[in-house]
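Q:
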Amino acid sequence: MKQEINPKDTNRAQAFELWTKSPMPMVTLTKTFDVTRLCKVSRRRGMKFNMLLCWCIGRAASRIEEFYMLPEQGKLFRYDRMAINVIVNNIKGGLSFCDVAVNDDLEQFNANYLHLTKTISETCQDILDAEAVIVGTSAVTGTELDCLVNQYSGIFNNPFLAWGRYRKGWLKTTLPISFQFHHAQMDGRQAAQFLDELQKTITTL
């Protein structure tokens, strides 16, 4: 459920005033993560690496209050639940999108992820959740990437994470991840807190 709120009643009042009318209010941070643990869990449990990473992203984001507030068309909205947007190659050669609800239960999230991604791949019909705050993701695994900056259209203000192919080393596997967010939604402090929380979630999976 989403509900319009008064920015002055939140900790985003000043930021909302400063950045909501900016022609380019998006900020991008890039951090290299140690994803050795994700690779091990993926192999041992037969789970998709990208699914595990999406679950970790949802777990980390759900602990940051600012993720549940989003500026839209000059207004600020608060949401009571969250979903991860996943992009899938469909059978027609195009892209389809689905929103997978954030869930503390990894097994349940995995089941939902597999069902939704398979469905949209076969039907070419997006499955979106308009009542959940969305954290966008994009896995460009055809190559290794140092950074990926998404376009800003002014239509979608939700946080967005993107990554390429992970890099195997002798002792650990690493993955640079780009994190884009609307400055009216959060500042660098909250963004850094999220990135640190994401690494902790990955490491302790």
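Residues -4 to 200 in this note's numbering are what the sequence shown lists, from first letter to last.
Just so you know, even glycine gets a beta-carbon here, dropped at the ideal spot from N, CA and C.
1. Can you find the residues in the same chain that come closer than 8 Å, C-beta to C-beta, to S37, ignoring five residues on each side of it along the sequence?
2. Would you call the segment 157 to 168 in contact with the segment 96 to 111, where contact means no fewer than 3 C-beta pairs closer than 8 Å?
3. What's the C-alpha gap between K35 and K16?
4. Determine, using beta carbons only, whether L33 and I197 come nearer to each other than 7 Å.
5. Decide if C142 is buried, meaning its Cβ has at least 16 other Cβ atoms within 10 Å, or exposed.
6. Less than 8 Å between C-beta atoms, sequence neighbours within five positions excluded: which residues of the same chain meet that for G137?
7. Identify the continuous beta strand (DSSP E) that holds M46 and give its terminal residues.
8. Mark D201 as exposed unless 16 or more other C-beta atoms lie within 10 angstroms of its C-beta, in which case mark it buried.
9. Measuring straight from C-alpha to C-alpha, what distance separates T169 and G131?
A: If we stick to the structure as given:
1. For the purposes of this step, residue 37 is taken as residue 42 along the sequence shown, with counting starting at 1. Cβ neighbours of S37 beyond the five flanking positions: K43, F44 and L47.
2. The segment 157 to 168 is not in contact with the segment 96 to 111.
3. Translated into the one-based positions of the sequence shown, residue 35 becomes position 40. Translated into the one-based positions of the sequence shown, residue 16 becomes position 21. Looking at the two C-alpha atoms, the distance is approximately 45 Å.
4. As a first step, residue 33 must be located in the sequence shown, where it is residue number 38. As a first step, residue 197 must be located in the sequence shown, where it is residue number 202. Yes, Cβ-Cβ distance for L33 and I197 is below 7 Å.
5. On the sequence shown, position 147 is the one that residue 142 refers to. The residue in question, C142, is exposed, as its Cβ has fewer than 16 Cβ neighbours within 10 Å.
6. Indexing the sequence shown from 1 puts residue 137 at position 142. Counting only Cβ-Cβ distances below 8 Å, and skipping sequence neighbours, we find G159 and R160.
7. By 1-based counting over the sequence shown, the position of residue 46 is 51. Membership of M46 in any beta strand (DSSP E) is not indicated; the residue belongs instead to the alpha helix (DSSP H) covering F44 to A56.
8. The requested residue 201 does not occur in the structure, where the chain is confined to residues -4 to 200.
9. Here the question's residue 169 lines up with position 174 in the sequence shown. Here the question's residue 131 lines up with position 136 in the sequence shown. C-alpha separation (whole angstroms): 21 Å.
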